[in-house]
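Quick note, our numbering runs 685 ahead of the 1-based positions in the sequence shown.
We put the CB at the ideal spot given by N, CA and C, even for glycine.
Report on the following structure.
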Amino acid sequence: MTRTPTPLSDELFDYLCANGTPPDPVQSRLIAETATLGHEARLQISPDEGAFLTLLTKLTGARTALEIGTFTGYSALAIARGLGEGGRLTCLDISEEWTRIARRHWQAAGVQDRIELRIGPALDTLKSLSPQPTYDLVFIDADYENYTAYWEEAVPRVRPGGVILVDNVLYHGRVIDPDDTAGTTRAVRQLNERVRTDDRVEATMIHIADGLTLARKK
Numbered sequence: 686m687t688r689t690p691t692p693l694s695d696e697l698f699d700y701l702c703a704n705g706t707p708p709d710p711v712q713s714r715l716i717a718e719t720a721t722l723g724h725e726a727r728l729q730i731s732p733d734e735g736a737f738l739t740l741l742t743k744l745t746g747a748r749t750a751l752e753i754g755t756f757t758g759y760s761a762l763a764i765a766r767g768l769g770e771g772g773r774l775t776c777l778d779i780s781e782e783w784t785r786i787a788r789r790h791w792q793a794a795g796v797q798d799r800i801e802l803r804i805g806p807a808l809d810t811l812k813s814l815s816p817q818p819t820y821d822l823v824f825i826d827a828d829y830e831n832y833t834a835y836w837e838e839a840v841p842r843v844r845p846g847g848v849i850l851v852d853n854v855l856y857h858g859r860v861i862d863p864d865d866t867a868g869t870t871r872a873v874r875q876l877n878e879r880v881r882t883d884d885r886v887e888a889t890m891i892h893i894a895d896g897l898t899l900a901r902k903k
């Protein structure tokens, strides 16, 4: 039994991506346009994570989904493409500028009619949503400081058997550095501890991209 994952070099990561479903022309154009944003481009999920989101959405049969943190729309596009017939994705973000890019590419991909975008502080928008268990799938990829608050608002709104995903839970390895006391690092650690002790869900942490928590609501 292998105890640890195979170290992922740049060459092995390229091989991994090349042997999964590749980005299509719309996704490739979105990746290229996002890259022009410079440092902010790091906020976009990786192509392999996008393929995973689409596949997982299909496998779960999700028809109602919620995304917290949309950026330029790659993850939303991936989820929207996996939704069942008549499916809807609600996206929460604070940036008109970045989501303007998202809207163009959603339209090009033919999924704009499946996506509702709500602009404003995500926590406020979350609290305004129905408290009933409505969603089959939730993807959290926003500001780390509010991760635990997003989790607490999201879990009650997920149906039993539904899935909650949280991105960047390894935080570039900083979560295991005892000398790292930055607020963002402490926020990610807090979220990870909350998921671990939350008896409403069963969860695992996947070594994909910067770490992805996959939880199923009981």
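So, residue i versus residue j, is the Cβ gap smaller than 8 angstroms?
i: A872; j: A888; result: no
i: D733; j: L701; result: yes
i: L738; j: A763; result: yes
i: Y830; j: G868; result: The residue you asked about is not Tyr; residue 830 is Glu in the sequence shown. Yes, the Cβ-Cβ distance between E830 and G868 is below 8 angstroms.
i: V823; j: V843; result: yes
i: R879; j: K903; result: no
i: T870; j: Y856; result: yes
i: I800; j: A765; result: yes
By Cβ distance below 7 angstroms, which residues in the same chain neighbour residue i in space, the five residues on each side in sequence not counted?
i: H892; result: P690
i: G705; result: D733 and A736
i: T745; result: D821, L822 and V848
By how many angstroms is the C-alpha of residue j removed from the C-alpha of residue i?
i: A894; j: Q729; result: 11 angstroms
i: I786; j: Y759; result: 10 angstroms
i: L741; j: Y820; result: 15 angstroms
i: T755; j: A761; result: 7 angstroms
i: L814; j: D865; result: 35 angstroms
i: V796; j: P692; result: 36 angstroms
i: L808; j: Y835; result: 7 angstroms
i: E718; j: Q712; result: 10 angstroms
i: L747; j: D709; result: First, the amino acid is wrong: residue 747 is Ala here, not Leu. C-alpha separation (whole angstroms): 22 angstroms.
i: Q792; j: R727; result: 23 angstroms
i: K743; j: G846; result: 14 angstroms
i: E725; j: S731; result: 14 angstroms
i: L876; j: A720; result: 29 angstroms
i: M890; j: E770; result: 29 angstroms
Round the Cβ separation of residue i and residue j to the nearest angstrom and send it over; I've been treating them as touching at under 8 angstroms.
i: W783; j: T757; result: 5 angstroms
i: L850; j: T898; result: 7 angstroms
i: E752; j: L768; result: Rounded, the Cβ-Cβ distance is 12 angstroms, inconsistent with contact.
i: G772; j: T749; result: 7 angstroms
i: P863; j: P841; result: No, P863 and P841 are not in contact; Cβ-Cβ is about 33 angstroms, not under 8 angstroms.
Below 6 angstroms CB to CB, which residues in the same chain sit around residue i once its five sequence neighbours on both sides are set aside?
i: N853; result: D895
i: L715; result: Y759 and H790
i: D826; result: G754 and D852
Comparing the CB of residue i with every heavy atom of the ligand NAD, is any distance shorter than 7 angstroms?
i: N853; result: Only the bare structure without any ligand can be found here, which leaves the ligand NAD out of the picture.
**Study point:** the stretch 768-783 touching the stretch 801-808, judged by at least three CB pairs closer than 8 angstroms
**Key:** Yes, they touch.
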